[in-house]
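Colleague: Letter by letter, the sequence shown follows residues 34 to 283 of my numbering.
To start, I am sharing the structure in question, which I have written as structure tokens.
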Amino acid sequence: MGTFFLFQIQDPLSQVEAERMVDSAMEILDWADQTFSLYKPDSEVSKLNRGDLAWEDASVEQIEVRKLCEAWRSKTSGFFDARSGTGYDPSGVVKVWAAARAASFLEANGIRSFTLNAGGDVYLSTELKRGMLTRVGLSAPKSIRSADAGANFVLELAGTGYCSVATSGSAERGEHIWATSDVERFRQVSVIGADYLAADVWATALIAGGSKALENFRAQCQEENLVAVVTAADGSLITTSGFVDLLATI
Numbered sequence: 034m035g036t037f038f039l040f041q042i043q044d045p046l047s048q049v050e051a052e053r054m055v056d057s058a059m060e061i062l063d064w065a066d067q068t069f070s071l072y073k074p075d076s077e078v079s080k081l082n083r084g085d086l087a088w089e090d091a092s093v094e095q096i097e098v099r100k101l102c103e104a105w106r107s108k109t110s111g112f113f114d115a116r117s118g119t120g121y122d123p124s125g126v127v128k129v130w131a132a133a134r135a136a137s138f139l140e141a142n143g144i145r146s147f148t149l150n151a152g153g154d155v156y157l158s159t160e161l162k163r164g165m166l167t168r169v170g171l172s173a174p175k176s177i178r179s180a181d182a183g184a185n186f187v188l189e190l191a192g193t194g195y196c197s198v199a200t201s202g203s204a205e206r207g208e209h210i211w212a213t214s215d216v217e218r219f220r221q222v223s224v225i226g227a228d229y230l231a232a233d234v235w236a237t238a239l240i241a242g243g244s245k246a247l248e249n250f251r252a253q254c255q256e257e258n259l260v261a262v263v264t265a266a267d268g269s270l271i272t273t274s275g276f277v278d279l280l281a282t283i
């Protein structure tokens, strides 16, 4: 998927057992890459976009992801959009959708205290005990290769009901998100939520839709149990209700 996946396990497992379980979880991620990659000519998505495969013959998982894309397009008023036809691109859903499946595999097999970092989007398992793994740093809107790169904030999520943090912006990958041109753009967005996919999709939608998408987010965030911090184009910060309560204390 062109990114990294990092598992950190707090459960009392042997190194051999931990590696075995993580290898199995990685097989789920590898399958998703082989199925949904836009860069692999033999992937199912590539075949669908070329017309070599009809949608009525697509896999159950492919249909599930397309329905998720359509549902999120509606929920975000079109600011999150996988497009359609030969330009169909479900990448904005697939990474975290697959990561959530990998996390569910670990939990179903008795591993309950771990974190998963999917290219900077973090998931904390529900039974993770308070400690360094329950603290999540939000990177400054600069490339990690910069000499002055670092964390803007550190969140403490233990006991908050939040288990997911997703960040989107241009610092690492440049302008890689389709965006509307008639809105105030943001440099970086982090969304904290109880649902991994919801946090990731909204982070993408807020970068794509800027200030207009933020209005939409504010109308839904309390009901959806989501919090956001936004770095605006001028470097100023915008936060939604509840963000300050998540800041870690030394």
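For each residue, glycine too, the CB sits at the ideal point set by N, CA and C.
Count the other CB atoms within 10 Å of the CB of E103; is the residue buried (16 or more) or exposed (fewer)?
Modeller: Label assigned to E103: exposed.
Colleague: Just reading off the alpha helix (DSSP H) that F69 is part of, what are its end residues?
Modeller: Where F69 is concerned, the enclosing alpha helix (DSSP H) stretches over Q48 to F69.
Colleague: Taking all protein chains shown into account, do 16 or more other C-beta atoms lie within 10 angstroms of the C-beta of V126, making it buried, or fewer, making it exposed?
Modeller: It counts as buried.
Colleague: For R116, which three-state DSSP category applies?
Modeller: It is coil, neither helix nor strand.
Colleague: Inspect the beta-carbon positions of L337 and L101 and report whether they are closer than 9 Å.
Modeller: This structure leaves residue 337 out entirely; the chain is present only between 34 and 283.
Colleague: Pick out whichever of A246, F186 and E217 has its Cα sitting closest to the Cα of A266.
Modeller: Of the candidates A246, F186 and E217, the one whose C-alpha sits nearest the C-alpha of A266 is E217.
Colleague: Can you give the beta carbon distance from E189 to T167, rounded, assuming they're within the 8 Å contact cut?
Modeller: That belief holds up - the Cβ atoms of E189 and T167 are roughly 6 Å apart, short of 8 Å.
Colleague: State the Cα-Cα distance for the pair W130 and N150, rounded to the nearest angstrom.
Modeller: Computed Cα separation, rounded: 13 Å.
Colleague: Who are V262's beta bridge partners in DSSP?
Modeller: S223 and T272, per the DSSP bridge assignment.
Colleague: Give me the Cα-Cα distance between L270 and G194, rounded to the nearest whole angstrom.
Modeller: For L270 and G194, the distance between alpha carbons rounds to 24 Å.
Colleague: Please state if the CB of N258 and the CB of A227 are separated by a distance shorter than 9 Å.
Modeller: Result yes, Cβ atoms of A227 and N258 sit closer than 9 Å.
Colleague: Under DSSP, the beta strand (DSSP E) around G111 begins and ends at which residues?
Modeller: Counting along the chain, G111 falls outside any beta strand (DSSP E), and DSSP gives it neither H nor E.
Colleague: Please state the DSSP three-state secondary structure of A173.
Modeller: Coil at A173, not helix or strand.
Colleague: Between the alpha carbons of N142 and E97, how many angstroms are there, rounded?
Modeller: Taking the straight line joining both Cα atoms gives about 24 Å.
Colleague: In the structure shown, what three-state DSSP assignment does I96 receive?
Modeller: If DSSP states are grouped into helix, strand and coil, I96 belongs with the helices.
Colleague: Which residues in the same chain have their Cβ closer than 8 Å to the Cβ of E208, if we skip the five residues on either side of it in sequence?
Modeller: Here E208 scores only 49 on pLDDT, less than 50, and its place in the model is too uncertain to base an answer on.
Colleague: Would you report the Cα separation of V49 and I144, rounded to the nearest angstrom?
Modeller: Answer to the nearest angstrom: the Cα atoms are 14 Å apart.
Colleague: Roughly how many angstroms separate the alpha carbons of S47 and D75, rounded to a whole number?
Modeller: Distance between the alpha carbons of S47 and D75 is about 38 Å.
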